[in-house]
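Trainee:
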């Protein structure tokens, strides 16, 4: 399992209600179900991934986070997880609002465009950066709204979303991934 | 042995109050079972059939000698694996495969009921079938499953008996029959009633049968079970055993010939009055209205796990109508999974060999069964 998933799982509380938005093939959900809480649901857009989730015995709803989060009542989950997909939405702000409405807390991870490798890539090559976390070319990347950890923290501050990120400049330079727990 | 003797029946002695206000009692309910009920009696699945289905869901139907309507999904090692599960399927009341219906003899007249049979609803069908749990001494089913009208029965069942099934699988259905579907059903009914052999429903005692009307009803309905793409790919404008158009009204096109065939074989196995009664029951189905416009309330008392399935090309019970059930369940935090299966086979997809669909059902049942152990 990805290291990121262990980090996310550690942020959750036992017996809490968890919604994994864009749960993929259910790897993280399965880990959470077996180790933290059985009360886990997933929302996933890919039919192939849903089949994999069903085979794992997970409860998953086919749907699009940009359209289908609205069916979940406010504060119906203790944690709503969104792993590395915020940047791929047409309207990330709308999704952020929905995450914070449905979940008492949201756990959000983002690929960090402020990482030093990305910065050097752009500085010296003069082309859109391609790294391990950002493997696509500019013309086929699903990432429509890339941001840095600093951008994300600034956004949360501006919108009065609670977020904790000490040593921001240091973290923004050295982390390939930002994982945050946020709440309204 | 007479074919009809191969139909298993229970006689429901206690009175059942129907939605129309009438009460029935001492009426037969025909059923079939597949697989074995285990000692703990925790492996039972109640399958509900659709409009023209019957209790012979799998294997050879002893009456028609055709494969059961859900042979792809139900049987040993299949999606609903009868090596593991004990499956019960009953003919709905109002039907014509041995259960109490309009072709049944009315003891007060000695003639078949015809249209003197009371109008029944999905709720009545489900309440009648509930007696099977007592008959088999099953405290809680493992699952209730059904597609189309079978799915409506699934929803009504869990609403009526919230603690009687661990899992609930409504497929390609709706919580509230749409205007379009009522319209299509009305087309079929009018076709039957326009046949002069229908005789206001008393054709049996007059030794007649409204075959033409029933065949046209089936032809019209059959189109709604397919998709435009499916029809185009299978038939296109292909001609039926001829090189060119004949400038007449014979079946020039393969699709015409196909529909005529579907209509003609249907009248051999189905009763016209049953068709009227069952389509009426579907039209009257509105679970949302039963709960004063709040569908969530229908499921408030249950802690069952739901798995809802729709098909991309189903325009009769399209995905948004299935999704409404998901939304109602989500609104009250119930355990609900949902998948829309890719298929260009239309509403009929749930009866066909669609691997993604069958795998999803199989995996869902088997992983869920492990959890209740």
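Residue numbers (the working numbering), protein chains in the order written: chain A, 1 to 184; chain B, 1 to 373. Backbone N, C-alpha and C fix where the C-beta goes; we use that ideal spot for every residue, glycine too. Computed from a predicted model, the values in this text were never measured in an experiment.
Looking only at its own chain, which residues have a Cβ that is under 6 Å from the Cβ of residue 15 of chain A, when we skip the five neighbours before and after it?
Mentor: Here the set comprises 37.
Trainee: Starting from residue 78 of chain A, follow the beta strand (DSSP E) in both directions and report where the run begins and ends.
Mentor: For residue 78 of chain A, the enclosing beta strand (DSSP E) covers residues 77-83.
Trainee: State the CB to CB distance for the pair residue 330 of chain B and residue 305 of chain B, rounded to an integer number of angstroms; the pair is presumed to be in contact (CB under 8 Å).
Mentor: About 13 Å separates the Cβ atoms of residue 330 of chain B and residue 305 of chain B, ruling out a contact at the 8 Å cut-off.
Trainee: Identify whether residue 188 of chain B lies in helix, strand or coil by the three-state DSSP scheme.
Mentor: helix
Trainee: Can you tell me the Cα-Cα spacing of residue 283 of chain B and residue 315 of chain B, whole angstroms?
Mentor: 16 Å
Trainee: Short of 8 Å in beta carbon distance, which residues of its chain neighbour residue 160 of chain B, apart from the five on each side in sequence? Order them along the chain.
Mentor: 123, 126, 127 and 130
Trainee: Per DSSP, what are the beta-bridge partners of residue 15 of chain B in this structure?
Mentor: Partner(s): none; residue 15 of chain B has no beta bridge.
Trainee: Over what stretch of residues does the beta strand (DSSP E) that includes residue 150 of chain A continue unbroken?
Mentor: It is not in any beta strand (DSSP E) - residue 150 of chain A instead sits in the alpha helix (DSSP H) that spans 149-158.
Trainee: If you compare alpha carbons, which of A/64, A/75 and A/130 is closest to residue 146 of chain A?
Mentor: Checked all of A/64, A/75 and A/130; the closest Cα to residue 146 of chain A is A/130.
Trainee: On the DSSP bridge assignment, give the partners of residue 256 of chain B in chain order.
Mentor: According to DSSP, which records beta bridges pairwise, residue 256 of chain B is partnered with nothing at all.
Trainee: Which runs of the beta strand (DSSP E) spanning at least 3 residues fall entirely within the segment 77-152 of chain A, listed in chain order?
Mentor: 77-83 and 103-111
Trainee: To the nearest angstrom, report how far apart residue 230 of chain B and residue 310 of chain B are at their CA atoms.
Mentor: 17 Å
Trainee: Do residue 61 of chain B and residue 53 of chain B have their beta-carbon atoms positioned less than 7 Å apart in this structure?
Mentor: Residue 61 of chain B sits away from residue 53 of chain B, with the two beta carbons spaced by 7 Å or more.
Trainee: Out of A/28, A/21, A/22 and A/24, state which residue places its alpha-carbon closest to the alpha-carbon of residue 8 of chain A.
Mentor: A/28
Trainee: Measuring only between beta-carbons, confirm whether residue 62 of chain A sits less than 7 Å from chain B.
Mentor: yes
Trainee: Residue 173 of chain B and residue 317 of chain B - do their beta-carbons sit closer together than 7 Å?
Mentor: yes
Trainee: Apply the 10 Å Cβ neighbour rule to residue 293 of chain B and answer buried if 16 or more other Cβ atoms are within range, or exposed otherwise.
Mentor: exposed
Trainee: Going along chain B in order, which residues have a C-beta closer than 7 Å to the C-beta of residue 76 of chain A?
Mentor: 333
Trainee: Tell me which residues of the segment 333-363 of chain B have at least one Cβ-Cβ distance to chain A shorter than 8 Å, keeping chain order.
Mentor: 333, 335, 336, 337, 338, 339, 340, 341, 342, 356, 359, 360 and 363
Trainee: Is any beta-carbon of chain A found at less than 7 Å from that of residue 367 of chain B?
Mentor: yes
Trainee: Checking contacts by CB at 7 Å: is residue 330 of chain B closer than that to chain A?
Mentor: yes
Trainee: Taking 8 Å as the threshold, find out whether the segment 332-347 of chain B comes into contact with the segment 38-46 of chain B through three or more Cβ pairs.
Mentor: no
Trainee: What residue range does the alpha helix (DSSP H) around residue 71 of chain B cover?
Mentor: No alpha helix (DSSP H) holds residue 71 of chain B; DSSP gives it neither H nor E.
Trainee: At least one CB of chain B closer than 7 Å to the CB of residue 72 of chain A: is that the case?
Mentor: yes
Trainee: Residues of chain A with a CB under 8 Å from the CB of residue 327 of chain B: which are they?
Mentor: 71
Trainee: Between the segment 72-89 of chain B and the segment 357-368 of chain B, do at least 3 Cβ pairs fall closer than 8 Å?
Mentor: yes
Trainee: Can residue 103 of chain B and residue 29 of chain B be called in contact, C-beta distance under 7 Å?
Mentor: no
Trainee: Using only the alpha-carbon positions, how far apart do residue 56 of chain B and residue 66 of chain A sit?
Mentor: 44 Å
Trainee: Using a C-beta cutoff of 7 Å, does residue 9 of chain A count as contacting chain B?
Mentor: Against chain B, the CB of residue 9 of chain A has no partner CB under 7 Å away; the residue lies outside that interface.
Trainee: Please classify residue 98 of chain A as buried or exposed, where buried requires at least 16 neighbouring CB atoms within 10 angstroms.
Mentor: buried
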